[in-house]
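Taken in sequence, the protein lines are chains A and B.
Okay, so the first sequence: first residue is 0 according to numbering that gives the first Met the number 0, each after it adds one.
Okay, so the second sequence: first residue is 0 according to numbering that gives the first Met the number 0, each after it adds one.
To start, the structure itself, in structure tokens.
Protein chains: 2
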Amino acid sequence: MRSRRLEYSESTRDALVDSAVELFTKRGYAGTSLDEVAKRARVTKGALYHHFSGKQALFEAAFDTVETKAMRRLGEIVSGPGHPWETAMAGLRAYVRVCLDPAFQRIVVHEGPVVMGWARWREAEEHFSYGMIRESVAALVSSGEIEDVPVEVMSRLLYGALSAGASLIAGAADPRKASEEVAWSITRVVSGLRRPVAAGADAPAEPGDRSASRRRRR
Amino acid sequence: MRSRRLEYSESTRDALVDSAVELFTKRGYAGTSLDEVAKRARVTKGALYHHFSGKQALFEAAFDTVETKAMRRLGEIVSGPGHPWETAMAGLRAYVRVCLDPAFQRIVVHEGPVVMGWARWREAEEHFSYGMIRESVAALVSSGEIEDVPVEVMSRLLYGALSAGASLIAGAADPRKASEEVAWSITRVVSGLRRPVAAGADAPAEPGDRSASRRRRR
DNA sequence: CTATCGGCCATACCGTCGGTACGTACCCAT
DNA sequence: ATGGGTACGTACCGACGGTATGGCCGATAG
Chain A
0 MRSRRLEYSE STRDALVDSA VELFTKRGYA GTSLDEVAKR ARVTKGALYH
50 HFSGKQALFE AAFDTVETKA MRRLGEIVSG PGHPWETAMA GLRAYVRVCL
100 DPAFQRIVVH EGPVVMGWAR WREAEEHFSY GMIRESVAAL VSSGEIEDVP
150 VEVMSRLLYG ALSAGASLIA GAADPRKASE EVAWSITRVV SGLRRPVAAG
200 ADAPAEPGDR SASRRRRR
Chain B
0 MRSRRLEYSE STRDALVDSA VELFTKRGYA GTSLDEVAKR ARVTKGALYH
50 HFSGKQALFE AAFDTVETKA MRRLGEIVSG PGHPWETAMA GLRAYVRVCL
100 DPAFQRIVVH EGPVVMGWAR WREAEEHFSY GMIRESVAAL VSSGEIEDVP
150 VEVMSRLLYG ALSAGASLIA GAADPRKASE EVAWSITRVV SGLRRPVAAG
200 ADAPAEPGDR SASRRRRR
């Protein structure tokens, strides 16, 4: 049976991670002190160092938490059945929404590679959001929806574009409009990868139908 | 006339910036101490704090130096005359090469947004590499080479994709092969944005002609 | 019910590093 | 010559990441 003591311990660990997510998101990795994290969780640094080997490990725990939460939102969309193209487009829109979460933005996209080191970050991402994008691209290629591009590289590029789009949205004066433009543009980019003469059945949504996007340019 | 004293001072400043670029590239922002930077420049922290208001300012000076050097390599290519499409493609290849510089990679692409803050970094980038990409995209749109996409957003996405590609190359086991695949893929993406029926004169290079890129996939 | 054992956490402390205060040598104009 | 400004060096402070150590308390055996 679940020991009481173990419940306490787990609860403090969770509190520490939650506190870390909050502070890392608000003030960044360097701007957050461990005393502060511990204080917000109503414990001391001793407890923190009991559960985590150091600041990096705490960050990685926060990273995992944020990623897992994001995965739950994306997983059911991408892994569900349906036409690969439709699925991928739905995934794109969902990913843009996920990126609007400030915690995801800062911890996963921005500080992740710097704090964990790019190699370690990349490795972690394999099991999370990048992995899903890669899955989608692979599905599009193997189903013949888009051209026979190198999946690994193209997924990375797409991931980079999506991340940049997410940053753009997060920093935009009008996030809603920016969000629409980013979704439209990404869709347009992926559409450009479709085979010249689609062998697919019914023609799925092209970016052209998003009506509310006539842009100004001198 | 140029005072001797002023020459000394300027030289000291340059030495500090060079030292900073080197150490920031090798050990990152957080992993580099100011004493170390000063020591490598054969001065003390007092000199450093005379020339720069703090660690951030030193980083931004290093950032500017690296960016300026990169710009000199790109500027002549992008701003030169010639067919917009050819120019843009040459710019893409040149940018990929620039990204192979570890200093550019780490200081500008990875740590820049984190250390300077995304907003400040974005502002600085307007005058540097992002500005050039934006220029190229705008030229492609206004010359009718590619579709009427929102320039600002599309440039951001492209920039993100390029940065991701650069990271990929830098971390790849076979950088040369990765470099080729990235260049090919990026070219393919941009090609996907071309107008369906090109009104342009002679058909410029399509990504298809890069022969040495047949990829394996199960 | 008692003893004690071990996991969980608090407290005190250390080393490092960014930043500050202040002293000093040197140059220049008046 | 001399007052002032520039270009540093030196000594020091506070904050913070990390460590060592000790105490509390629930779990478990007898």
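Backbone N, C-alpha and C fix where the C-beta goes; we use that ideal spot for every residue, glycine too.
Residue burial annotation: GLY164/A is buried, with at least 16 other C-beta atoms found within 10 angstroms of its C-beta. Setting aside the 5 residues that flank it on each side, ARG12/B is surrounded in the same chain by HIS50, each with a C-beta closer than 6 angstroms to its C-beta; the list follows chain order. Among the CB atoms of chain A, none fall inside 7 angstroms of the CB of ARG3/B. Under a 10 Å Cβ-count criterion, TYR7/A is classified as exposed, with fewer than 16 other Cβ atoms of the shown protein chains found around its own Cβ. Close partners of ALA29/A in chain B (Cβ separation under 9 angstroms): TYR28, ALA29, VAL113 and VAL114.
With respect to ILE76/A, ALA93/A sits close: the two C-beta atoms are nearer than 7 angstroms. For the C-beta of TYR158/B, the chain A residues within less than 9 angstroms are, from N- to C-terminus, GLY159, ALA160 and ALA163.
Per DSSP, the beta-bridge partners of ILE145/A are ARG193/A. SER178/B and GLY30/A have their alpha carbons spaced roughly 36 angstroms apart.
Restricting attention to GLU9/A, LEU5/A and GLU35/A, the CA atom closest to the CA of SER18/A is found in GLU35/A. Judged by beta-carbon spacing, VAL97/B lies within the 7 angstroms limit of ARG72/B, meaning their Cβ atoms are closer than that value. The three-state reading of DSSP puts THR67/A in helix, counting H, G and I together. Along the length of the segment 99 to 178 of chain B, whole alpha helix (DSSP H) runs at least 4 residues long occupy 111 to 115, 117 to 124, 128 to 141 and 150 to 170, reported in chain order. Beyond the five residues adjoining it in sequence on each side, PHE62/A comes within less than 8 angstroms, by CB distance, of ILE106, VAL107, GLY111, MET115 and ALA123 in the same chain, given in chain order. For TYR28/B, no alpha helix (DSSP H) run applies, since DSSP gives it neither H nor E. LEU157/B and ALA160/A have their C-alpha atoms some 6 angstroms from each other.
Residue state for SER8/B is assigned as helix, using DSSP reduced to three classes.
Shortest Cα-Cα distance from VAL113/A to any of GLN55/A, LEU15/A, ARG193/A and ALA172/A involves GLN55/A. Contact annotation, ARG39/A with LEU57/A: C-beta distance approximately 12 angstroms; criterion of less than 8 angstroms not satisfied. By the criterion of a C-beta distance shorter than 7 angstroms, VAL181/B is surrounded in its chain by VAL95, GLY164, LEU167 and ILE168, once the five residues flanking it on both sides are discounted. Residue contact check for SER184/A against chain B: a CB pair falls below 7 angstroms.
In terms of beta-carbon proximity, GLU124/B stays away from the interface with chain A, with every pair separated by 7 angstroms or more. Chain A has a Cβ within less than 7 angstroms of the Cβ of VAL152/B. Contact annotation: LEU139/A and PRO174/A have beta-carbon atoms that are not nearer than 7 angstroms. Identification of chain A residues near GLU110/B by a Cβ-Cβ cut-off of 7 angstroms yields VAL113, ordered along the chain.
Just measuring C-alpha positions, the residue of GLY191/A, ASP100/A, SER184/A and ALA102/A sitting nearest GLU144/A is GLY191/A. Rounded to whole angstroms, ILE132/B and VAL152/B show a C-alpha spacing of 11 angstroms. Residue environment: GLY90/B is assigned as buried (16 or more neighbouring CB atoms within 10 Å of its CB, all protein chains considered).
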